[in-house]
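Asks:
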Amino acid sequence: MLLSMTGFGKAVCELENKNLVIEIKSLNSKQLDLNCRMPSFYREKEFEVRNMVNNSMIRGKVDFVMYSEMSNLETVSTINAETVKVYYEQLVSVSQQLGVDSSSAQMFEMAMRMPDVLKTEHEDLTEDEWSIVAKSVQQAIDALVAFRTQEGAALEKDLTKRINLIQSLLAKVPEYERPRIDRIKERIKGDIAELVGLENLDKNRLEQELIFYIEKLDITEEKVRLANHCDYFLKTMQQGGPVGRQLGFVAQEIGREINTLGSKANDSDLQIIVVAMKDELEKIKEQILNVL
0 MLLSMTGFGK AVCELENKNL VIEIKSLNSK QLDLNCRMPS FYREKEFEVR
50 NMVNNSMIRG KVDFVMYSEM SNLETVSTIN AETVKVYYEQ LVSVSQQLGV
100 DSSSAQMFEM AMRMPDVLKT EHEDLTEDEW SIVAKSVQQA IDALVAFRTQ
150 EGAALEKDLT KRINLIQSLL AKVPEYERPR IDRIKERIKG DIAELVGLEN
200 LDKNRLEQEL IFYIEKLDIT EEKVRLANHC DYFLKTMQQG GPVGRQLGFV
250 AQEIGREINT LGSKANDSDL QIIVVAMKDE LEKIKEQILN VL
């Protein structure tokens, strides 16, 4: 079954003093492009998170976001009394030197606004807490993979339908081949007769030249290869896993055979079929861009 590169997953981790919301989304990309945003408290675990994502994503432009919804105060701030005292004494000294008349309350208020007056103490991240968070990260990844699987099933259904349409169009080609050859022969004979006259022609030589020319326009080889490529495309989709690149290569080969068929056709009825095939193939190529 195919997997899509487009998806979204979310999980909520409920801890004692906060809720962590984990969201992960992905879009198509030629390789894995991971953007990871986490609270600074969990930044030390970013490498572990990246490994978890790498093991499941393989390819795609992935955005991983973790943010905290506080239920209680996570940190406790305390006043650094020694720092306040130093600031206050310096402010009083400078005001006296400059002859500025300021009250003690004003000096104290100014000192409290100076840097490093408040100390914020963080609790260390425990392994027990991270174990809970890591499970929620995996839940978000699993939700994204499930989304990708669902999207992949829709892609597989659409691609199968379009390959089947190309195969059905290919099945119509033989009914036009014999009339096509007859029309080419008559057209060539008419052109030659108009130029030199039929009485001046060696009919045996003309038939030999016609056979040689028509052999160049024979499309049997292209039909066989196109049919084989379509069958291989369908089989590749059933392999499972990351087959997007492989399907892209097969689609290129299908395109080459359709183009050769069109260049050799030299017939309006076959050209209509070729144009319809190309239209389906372009839609296939667009869809393959989203296949993992």
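Using numbering that gives the first Met the number 0, count along the sequence shown one by one with no gaps and you end on 291. Glycine residues also receive a C-beta, built at the ideal position from the N, C-alpha and C atoms.
(1) L124 and E43 look like a contact to me (Cβ under 8 Å); what is the Cβ gap, rounded to whole Å?
(2) May I ask you to report which of helix, strand or coil DSSP gives V93?
(3) Going by other Cβ atoms of all chains shown within 10 Å of its Cβ, with 16 needed for buried, is V242 buried or exposed?
(4) Could you say which of A10, L233, Y66 lies nearest to Q245 if we only look at CA atoms?
(5) With DSSP run on the structure shown, which of helix, strand or coil describes T77?
(6) Between the region 101-111 and the region 80-89, do three or more beta carbon pairs fall short of 8 Å?
(7) Taking just the CA atoms, how far does A142 sit from K24?
(8) For G254, tell me which candidate among E176, Q237, E279, L117 has the shortest Cα-Cα distance.
(9) Using a Cβ-Cβ cut-off of 6 Å (strictly less than) and excluding sequence neighbours within five positions of E221, which residues of its own chain qualify?
(10) Given this structure, state the Cα-to-Cα distance separating Q95 from S102, to the nearest angstrom.
(11) Does the Cβ of F63 have 16 or more other Cβ atoms within 10 Å, making it buried, or fewer, making it exposed?
(12) If I measure Cβ to Cβ from I272 and keep anything under 7 Å in the same chain, skipping five residues before and after, which residues do I get?
(13) State yes or no: is the C-beta of S3 within less than 8 Å of the C-beta of L154?
(14) Do you know offhand how far E45's Cα is from Q251's?
(15) Pull up the DSSP beta-bridge partners for C35, would you.
(16) Nearest CA to the CA of T235: which residue from V290, E281, S267?
(17) Just how far apart, CA to CA, sit T219 and A275?
(18) Determine the direct distance from the alpha carbon of D115 to that of D100, and round the result to whole angstroms.
(19) Could you tell me if I287 is buried or exposed, where buried requires 16 or more neighbouring beta carbons within 10 angstroms of its beta carbon?
(20) C12 and S130: beta carbons closer than 8 Å?
(21) Does DSSP classify K9 as helix, strand or coil?
(22) With DSSP as the reference, label R22 as helix, strand or coil.
(23) State buried or exposed for L19, treating a residue as buried only when at least 16 other CB atoms are found within 10 Å of its CB.
(24) L216 by DSSP, collapsed to three states: which one?
(25) Which residue from R36, G6, G59, Y231 puts its Cα closest to that of Q29?
Replies: In terms of the structure at hand:
(1) 7 Å
(2) helix
(3) With a 10 Å radius around the Cβ and a threshold of 16 neighbouring Cβ atoms, V242 comes out buried.
(4) L233
(5) strand
(6) These segments touch.
(7) Straight-line Cα distance between these residues: approximately 10 Å.
(8) E279
(9) E256, T259, L260
(10) 11 Å
(11) By the 10 Å Cβ count, F63 comes out buried.
(12) L168, K171, V172
(13) yes
(14) 39 Å
(15) As computed with DSSP, C35 is found in a beta bridge with F63.
(16) V290
(17) 19 Å
(18) 26 Å
(19) buried
(20) No.
(21) strand
(22) The sequence given here has Glu at residue 22, not Arg. In this structure, DSSP gives E22 an extended state, which the three-state scheme calls strand.
(23) buried
(24) coil
(25) This sequence places Lys at residue 29; Gln is not what is there. Taking only the C-alpha atoms, the option nearest K29 is G59.
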